[in-house]
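Number of protein chains: 2
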Amino acid sequence: MFPQDIEVIKVDGTKERFNGKKLEESLRRSGADSLVASEVVAHVGKELVNGITTSDIYRHAFSVLRNKQKMASARYSLRRSLLALGPTGFPFEKFIGEMFKRMGFSVLLDQMVQGKCASHEMDIVSWNGEKLIMVEAKYHHEQAYKSDLKVALYVKARFDDFQDGSFSYGNRTKLDEGWLITNTKFTEKAIHYAQCSGVKLVGWNYPERGNLHDLIATAGIHPITCLTTLSFGEKQTLMEQGIVLCEDFIAQKAKLKALGWGDEQIEAVAAESILLCST
Amino acid sequence: MFPQDIEVIKVDGTKERFNGKKLEESLRRSGADSLVASEVVAHVGKELVNGITTSDIYRHAFSVLRNKQKMASARYSLRRSLLALGPTGFPFEKFIGEMFKRMGFSVLLDQMVQGKCASHEMDIVSWNGEKLIMVEAKYHHEQAYKSDLKVALYVKARFDDFQDGSFSYGNRTKLDEGWLITNTKFTEKAIHYAQCSGVKLVGWNYPERGNLHDLIATAGIHPITCLTTLSFGEKQTLMEQGIVLCEDFIAQKAKLKALGWGDEQIEAVAAESILLCST
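Protein chains in written order, with my numbering: chain H, 1 to 279; chain Z, 280 to 558.
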């Protein structure tokens, strides 16, 4: 894992062989969990050169740790914010719709789409010049709740029912991709089935690239539920008004005023929105 | 609806034109509901001949009514007995399995069946020399609960996943039919989808011929829950022992004795089983 026989220079000027274990222990003492600590050591170890000082190593290690923890903490916070988009599934659908819009798609929510054998309520229909994507969005309030094989199966049958259909979304007449998006995870069986049968799954930590947090980061959006200056009830009110993005809060000050919010509160929340949501 | 100008002979020997309304009213006074009363009048009216006496007409009408009510009452009782096969779905699956056996099929319950993209838990696999049928059994405790489009969709995707499969049940290597059986009803959308996509649905009152009560009547079986000499708890105990047919009760006296039942109770229940369940 490390370059062999790297000599590092200690504070007193003496030399010694690099000791990854000692570095890992000091990272753990500073609060990193064992997985992150060993990742940081591995990362730093790969960039060692002969004659580096221990201070340089520790400075480098702690800056890598800060970045890793910041990303882990942002991801953790996003996961919680998505779970808070309840209790109904609609704010999550709207959030996903906004995500597609930011990625350059036209979007319609809650469409009845006629298939060969049934009409189906599609949560999100999104298209650009090259692709027509239909999306089933599964919101779960509990992180532990996984979308299972039965969900993947009925979504597959639904997309099959659209296979011979002719649509009219922009210049797209055929369904290109059927997606099942959830804010939590999928069971192993659902993943295996979907990979084999051609249903595209997007969930928490799945797939490795292009998963839900990757797409949200690409789109550059932030759920309104991430704001700490709003109470639970205030977030609910905003979501009922169709405001699910931090970014929307900033844009809709007038609407909030009409809802009876005071200037001071609006500015406080807007300030947090700008701070948290424009990163 | 009636032969024109039929003259009937009254008790006092005088003649008058047949009056369906009067007959219907007397049937309703005797307890028939309006639908059944008008059905009986229609049935009797079609068989009228000139010179028939009013007594003959009434005798005929009431015998038709008795048959109709008996069938309606038996069907009503069967529906309730099927609902009582809860609280889990397993007794219903076992009951359906027994139904297939009586219709000459070999039957396996709760099989993991490997499809192209997933292994699926099939409630009932049944086959004879000519057909391999796989069945998803949906038990609902409430008559009002209907199996909907999503159920039909995932069942369809599951059967699709078996389409290219090679099996080994008797001499059958290919899946011939995929059935979705429920003890209640299906939504209109589920019915339309299934008809169009080739999933066979069997439920309460659906389809018109070959529905669940028709199949049960053909198989000549009766759910244990139809017995009035058993308490709710006793029925539960028997179902936990895998006894779901009236007919099984008669056959399993020794097992019941081993469970601590007294001779007198066993004989009382067996007597009712023979009376009710051997019709």
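C-beta: ideal position from N, C-alpha, C; glycine also.
Here the structure is a predicted model, which is why all the values come from computation and not from measurement.
Interface flag, residue i vs chain Z, CB-CB below 7 Å
| i | result |
| --- | --- |
| Tyr154/H | yes |
| Met1/H | Only weak support exists for where Met1/H lies, its pLDDT of 49 falling under 50; the value from the coordinates is given anyway. No, Met1/H does not count as interfacial toward chain Z. |
| Ala251/H | no |
| Tyr145/H | no |
Three-state secondary structure assigned by DSSP to residue i
| i | result |
| --- | --- |
| Thr508/Z | coil |
| Phe528/Z | helix |
| Ala36/H | Rather than Ala, the amino acid found at residue 36/H in this sequence is Val. Note: Val36/H maps to helix in three-state DSSP. |
| Arg296/Z | strand |
| Phe90/H | helix |
| Asp439/Z | helix |
| His60/H | helix |
| Tyr206/H | strand |
| Thr463/Z | coil |
| His492/Z | helix |
| Val478/Z | coil |
| Ser30/H | coil |
| Ala550/Z | helix |
| Gly383/Z | coil |
| His322/Z | helix |
| Gln222/Z | An answer regarding residue 222/Z cannot be provided, because it is not within the stretch 280 to 558 covered by chain Z. |
| Glu130/H | coil |
| Met280/Z | At Met280/Z the pLDDT is 49, less than 50, meaning the model places this residue with poor confidence and gives no usable figure here. |
| Leu85/H | coil |
| Asp263/H | helix |
Residues bridged to residue i [DSSP beta-bridge criterion]
| i | result |
| --- | --- |
| Gln69/H | Paired residues: none, contrary to the question. |
| Pro223/H | Leu245/H |
| Ile52/H | Val8/H |
| Tyr154/H | Paired residue(s): none; Tyr154/H is not in a bridge. |
| Tyr448/Z | Arg451/Z |
| Glu136/H | Leu180/H |
| Gln114/H | Ser119/H |
| Ile124/H | Leu109/H and Val135/H |
Neighbour flag for residue i against chain H, beta carbons, 7 Å
| i | result |
| --- | --- |
| Ala436/Z | yes |
| Lys429/Z | yes |
| Leu555/Z | no |
| Lys468/Z | yes |
| Ser476/Z | yes |
| Tyr485/Z | no |
| Cys396/Z | yes |
| Tyr472/Z | yes |
Rounded Cβ spacing between residue i and residue j (contact assumed at less than 8 Å)
| i | j | result |
| --- | --- | --- |
| Tyr433/Z | Leu180/H | The pair is not a contact, with the Cβ atoms about 13 Å apart (cut-off 8 Å). |
| Asn205/H | Lys185/H | 7 Å |
| Thr507/Z | Glu551/Z | 7 Å |
| Val64/H | Val44/H | 6 Å |
| Val315/Z | Lys347/Z | 5 Å |
| Thr452/Z | Leu428/Z | That pair is no contact at about 31 Å. |
| Lys189/H | Ala397/Z | 6 Å |
| Leu454/Z | Leu411/Z | 6 Å |
Proximal residues to residue i (C-beta, below 7 Å), its chain only, five neighbours per side dropped
| i | result |
| --- | --- |
| Lys289/Z | Glu295 and Thr333 |
| Ala416/Z | Gly368, Phe371, Glu372, Ile375, Asp402, Ile403 and Ile460 |
| Gly521/Z | Lys373 |
| Phe105/H | Ser126, Trp127 and Asn128 |
| Ile221/H | Glu98, Met99, Arg102, Leu245 and Glu247 |
| Lys116/H | Asp161, Asp164 and Gly165 |
Nonlocal neighbours in the same chain, by C-beta distance under 8 Å from residue i, ignoring five residues either side
| i | result |
| --- | --- |
| Leu230/H | Ile224, Leu238 and Val269 |
| Pro207/H | Leu201 |
| Ile545/Z | Lys532, Leu535 and Lys536 |
| Ser560/Z | Because chain Z spans 280 through 558 in this model, residue 560/Z falls outside it and cannot be assessed. |
| His141/H | Leu83, Gly86 and Pro87 |
Cβ neighbours of residue i in the same chain (closer than 6 Å, five flanking residues each side left out)
| i | result |
| --- | --- |
| His399/Z | Val392 and Arg437 |
| Phe100/H | Val107 and Ser126 |
| Asp587/Z | Because chain Z in this structure spans residues 280 to 558, residue 587/Z falls outside the shown range and cannot be described. |
Contact test: residue i Cβ vs the ligand SAM heavy atom, cutoff 6 Å
| i | result |
| --- | --- |
| Lys94/H | Among the components of this structure there are no ligands whatsoever, and the ligand SAM is therefore not found. |
Contact with chain C by residue i, beta-carbon distance below 7 Å
| i | result |
| --- | --- |
| Phe384/Z | Absent here is chain C; the protein component of the structure consists of chains H and Z. |
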